[in-house]
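The number in this note's numbering is simply the position in the sequence shown, starting from 1, with 33 added.
This report refers to the structure that appears directly beneath it.
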Amino acid sequence: MIPSCQSRLVGSPPPFAVADLSLRLASSAARRPYDGAAASMAQYHLSAQLRGHEDDVRGICICGDAGIATSSRDRTVRFWTQHPEKKHEYVLSKTLVGHSSFVGPLAWIPPSDRFPEGGLVSGGMDTLVLLWDLHKGEVVETMKGHTSQVTGLAVDNNGDIISSSMDCTVRRWRNGSAVEVWEAHKVAVQTVLMLPSGELFTGSSDSTIKFWKGRTCLHTFTGHADTVRCLAQMPGLGILSASHDGTIKVWALTGQPLLEMIGHTSLVYSVDAHSSGVIVSGSEDRSAKIWKDGICVQSIEHPGCIWGAKFLENGDIVTACSDGIVRIWTTDNNRFCSDEELAAFTDLISQYTLSRKTVGGLKLSDLPGIEALQVPGNSDGQTLIVREGDNGVAYSWNSKELKWDKIGEVVDGPGDAAAAPGQFHDGVRYDFVFNVDIGDGEPMRKLPYNRSDDPYAVADKWLLKENLPLTYRQQVVEFILQNSGQNNFVPDPSFRDPYTGANAYVPGQSASSTVSAPKPTFKHIPKEQKELSLSEIELSRLAAIAKVLKETSFYHTSKLADADMTLLLKMLKSWPTQMMFPVIDFLRMFVLHPDGATLLLKAIESGNDVLAETFHKVVRPPVQPPNVLTTLKAVTNLFDKPCLHQWLRIHGMEIIDSVSSCKTTFSKNAHLAYSTLLLNYAVLSIESKDEQSQAQILSAALEIAEDDTQDADSKYRALVAIGSLMLNGLVKSIALDLDVKSVANTARASKDSKIAEVGADIELLTR
């Protein structure tokens with residue numbers, strides 16, 4: 034029983050019994066055979082997992098008996114064929130590389146004289162439509178004309194290729210050239226469908242579906258409350274539509290709505306139907322739902338959103354997930370995966386669910402397990418919160434009986450008050466949890482500390498955790514000592530600073546010749562690799578540059594030279610990706626200096642675009658979270674320099690799209706940096722009157738504003754971006770189509786005053 038899934042016949046008065054629904058469907062769709070109670074339908078089980086993509090799998094194309102094609106954010110199309118012996122498994126046959134950004138829709142061209150093994154058509158974020166010869170694995174036609182992301186593809190019976198785009202147009206291509214172009218909707222076209230009998234349909238962000246004959250719209254289907262994201266054929270009845278309003282609808286070809294299926298809790302991205310009448314849908318809510326006669330008979334949880342879901346001819350289902358894996362599901366026990374693979378997948382789902390769960394404001398996955406109770410407490414009454422199953426449970430140390438006494442299950446999380454003795458942080462009680470303000474508009478950072486801790490060790494660990502420069506070390510230590518009342522602290526004599534060999538680090542002090550100190554080692558400088566090492570002269574130069582950048586009050590008189598830029602270029606180009614974040618952080622400060630911005634622009638104009646090169650390196654999987662955070666901050670600093678605005682405009686759409694694909698790795702600080710980036714881009718796109726960029730920024734900002742897991746600062750900046758775009762930009766109508774009023778109403782009800790205020794402002798703009 035799945036109580037969250039509902040369906041209703043459009044036009045019939047609810048409520049109704051499930052049995053009555055089945056009877057009505059059977060009578061109203063006489064051409065579709067009814068095969069008994071939906072609840073008795075065999076359940077789908079995992080059959081196979083296709084690994085190879087390095088990022089979200091965005092599209093699926095069933096290529097007859099030849100195999101399965103998939104597309105991805107990793108910019109590739111991959112073709113999978115059946116395993117020669119294990120027929121339920123698939124192996125990677127070809128990887129097609131040609132797009133410069135993520136690939137979305139795909140279409141299949143059956144084998145012919147021209148394409149002995151068949152052909153594939155792919156559309157991408159790069160605005161291109163590519164035709165591939167599958168036998169050669171090469172592009173044979175590149176179709177240019179769209180000015181925004183290609184969203185849908187279809188192949189006509191005469192071989193023409195039909196494409197839809199975010200640029201509001203539909204194009205018909207013949208032999209690589211556009212023979213027809215028309216504006217299909219006033220806003221983005223999200224999908225296109227051509228039936229075997231030749232009928233053409235489009236779905237749009239305007240929430241409508243249009244039925245076309247040539248360039249003439251014969252009928253407009255209305256009924257969805259949000260973007261129509263996907264269309265599919267419903268055998269014997271008409272067509273299916275999936276929408277961002279969370280519903281799936283069945284339509285007759287006349288435009289009459291026949292059935293609405295409700296069950297998803299978020300945007301529905303894909304839908305498909307089998308000849309048996311079974312329907313599958315995929316959603317942002319991480320589930321693929323199976324529908325029979327309007328009833329949701331099964332919901333299959335995934336470790337990420339479902340971008341695509343398709344039926345194979347044998348009734349098996351293929352799903353495309355944001356975790357980069359293609360999965361096949363079957364009802365035939367002869368094609369079930371092994372018990373080991375099923376157990377691993379089940380464990381993956383469990384871990385993913387656990388990682389997202391919070392208990393009383395604490396992240397459950399960060400809490401220690403019950404094994405932590407094996408370690409005695411330090412003082413009577415010490416409190417510890419541990420993870421027990423799916424709950425957080427608090428214990429208190431009983432020093433008399435030398436045991437942990439159970440207090441109870443945690444319901445409410447700790448507050449965010451100023452530092453005070455005896456606070457919780459990540460489920461552990463500390464003597465102090467300090468709020469640390471590091472400036473630059475950054476949010477407060479939490480620094481936990483016990484009086485028994487070594488403040489230098491705490492500072493080191495905290496700076497690394499927060500991805501902050503180690504030059505803050507002494508300042509953090511002094512802050513800890515002053516605010517914990519330990520002004521007379523004496524360092525542990527056994528401690529040796531790795532930089533000076535002394536008991537404690539003192540800025541500007543070098544290793545004393547009288548101290549038998551180990552040779553300095555630098556955690557973030559690849560000294561052990563000679564080809565990457567910096568010479569003594571370069572290290573001196575680096576220190577001199579750092580001194581110039583640190584003294585911001587002298588920027589009007591200080592100078593940076595070409596040699597400084599050359600040194601920065603060397604580090605950015607040669608250092609290993611996993612060690613790059615200190616260099617990117619150096620770049621972040623470098624561009625704020627007037628000479629730094631000028632030198633950087635000079636390098637870019639000479640063909641040495643180190644900014645783009647570094648960005649591509651950072652977002653290439655496997656993503657390193659510290660690199661992403663520092664890159665977000667570095668790019669944001671570019672907005673301070675008008676001479677770099679043109680570079681920001683040129684690369685804006687790619688930056689936002691690529692960074693968005695890394696969001697699963699974001700820390701709280703990265704989310705805030707991303708919101709700040711979007712706000713800056715909103716202002717820039719308003720100045721340049723770039724409607725296409727404004728639409729992309731609006732979409733990204735709305736996603737943040739609607740995310741309940743975002744903190745107040747991130748939401749606030751996203752809402753300001755939305756309000757600015759609506760007030761001064763060109764996308765107010767798009768915002769209204771995307772139900773910005775609902776976002777504004779939610780913001781108005783926020784307990785955070787600044788969010789409530791900007792929510793009220795946005796609500797006024799919707800009137």
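Ideal placement from N, C-alpha and C gives every residue a C-beta, glycine not left out.
Report the option in the options whose CA atom is closest to the CA atom of residue i.
i: L712; options: N191, T180 and I689; result: I689
i: T180; options: C370, C201, G170 and V304; result: C201
i: I361; options: L644, S309 and A81; result: A81
i: R248; options: G296, L758 and I195; result: I195
i: V212; options: L228, H218, G192 and Q223; result: G192
i: I637; options: V661, H684, K119 and S314; result: H684
i: R207; options: T224, A187 and V220; result: A187
i: L233; options: D597, S240, K177 and F244; result: F244
i: N778; options: M598, T109, A789 and A579; result: A789
i: D438; options: I403, K322 and A285; result: I403
i: V313; options: T287, D349 and A285; result: D349
i: P409; options: Q727, N431 and G425; result: N431
i: P655; options: I440, P488 and Q611; result: Q611
Provide the residue span of the alpha helix (DSSP H) that contains residue i, from first to last.
i: S18; result: Shown here, the chain extends from 34 to 800; a query on residue 18 therefore has no answer.
i: N761; result: A745 to N761
i: T180; result: Run containing T180: none; DSSP gives neither H nor E here.
i: G774; result: The residue you asked about is not Gly; residue 774 is Lys in the sequence shown. From DSSP, the alpha helix (DSSP H) with K774 extends over V773 to R781.
i: E499; result: E499 -> no alpha helix (DSSP H), and no H or E assigned at all.
i: P659; result: P658 to L671
i: T631; result: P627 to E638
i: L644; result: V643 to V652
From the DSSP output, in three-state form, read off residue i for me.
i: S198; result: strand
i: C695; result: coil
i: D166; result: strand
i: E790; result: helix
i: T416; result: strand
i: A221; result: coil
i: K138; result: Reading the sequence as shown, one finds Pro at residue 138 and not Lys. The answer is strand: DSSP assigns P138 an E or B state.
i: A258; result: coil
i: Y123; result: strand
i: Y385; result: helix
i: N431; result: strand
i: Q725; result: helix
i: T114; result: strand
i: L42; result: Bear in mind that the predicted position of L42 carries a pLDDT of just 49, short of 50, making it unreliable; the figure below should be weighed with that in mind. In the structure shown, L42 sits in coil (DSSP, three-state: anything other than H, G, I, E or B).
i: Y714; result: helix
i: K674; result: coil
i: L798; result: helix
i: S210; result: strand
i: T590; result: coil
i: P615; result: helix
i: A13; result: Any question about residue 13 goes unanswered here, given that the chain covers just 34 to 800.
i: G97; result: coil
i: D487; result: coil
i: L161; result: coil
i: N411; result: coil
My guess is that residue i and residue j are in contact by the Cβ rule of under 8 Å, so how many angstroms apart are they, rounded?
i: Y428; j: L417; result: 5 Å
i: L593; j: L575; result: Going by Cβ atoms, the distance from L593 to L575 rounds to 12 Å, so no, they are not a contact pair.
i: V136; j: G157; result: 5 Å
i: A768; j: L758; result: 7 Å
i: C96; j: W141; result: 5 Å
Within the continuous beta strand (DSSP E) that includes residue i, where are the two ends?
i: M176; result: E171 to M176
i: A577; result: Run containing A577: none in the beta strand (DSSP E); it sits in the alpha helix (DSSP H), E569 to K583.
i: F467; result: F465 to V469
i: Q252; result: Checking the sequence shown, residue 252 turns out to be His, not Gln. Its beta strand (DSSP E) spans residues T249 to F254.
i: E232; result: First-last for E232: undefined, no H or E at that position.
i: R274; result: What sits at residue 274 in the sequence shown is Ser, not Arg. Here the beta strand (DSSP E) through S274 covers G271 to S276.
i: H28; result: Residue 28 lies beyond the stretch modelled for the chain, which goes from 34 to 800, so this question has no answer here.
i: S517; result: Segment: none, S517 is in no beta strand (DSSP E) and carries neither H nor E.
i: A102; result: G100 to S105
i: A768; result: Element bounds for A768: not the beta strand (DSSP E) but the alpha helix (DSSP H), K765 to D770.
i: A285; result: T280 to A285
i: K784; result: Element bounds for K784: n/a, residue is neither H nor E.
i: P481; result: R478 to Y482
i: D438; result: K436 to E442
From the beta carbon of residue i, is the nearest beta carbon of chain B less than 8 Å away?
i: V136; result: Among the protein chains of the structure shown there is no chain B, as only one such chain exists.
Self-check item: Length at least 3, wholly inside the stretch 293-377: the beta strand (DSSP E) runs in chain order
Solution: 301-306, 312-316, 320-325, 328-334, 339-344, 350-354 and 358-363
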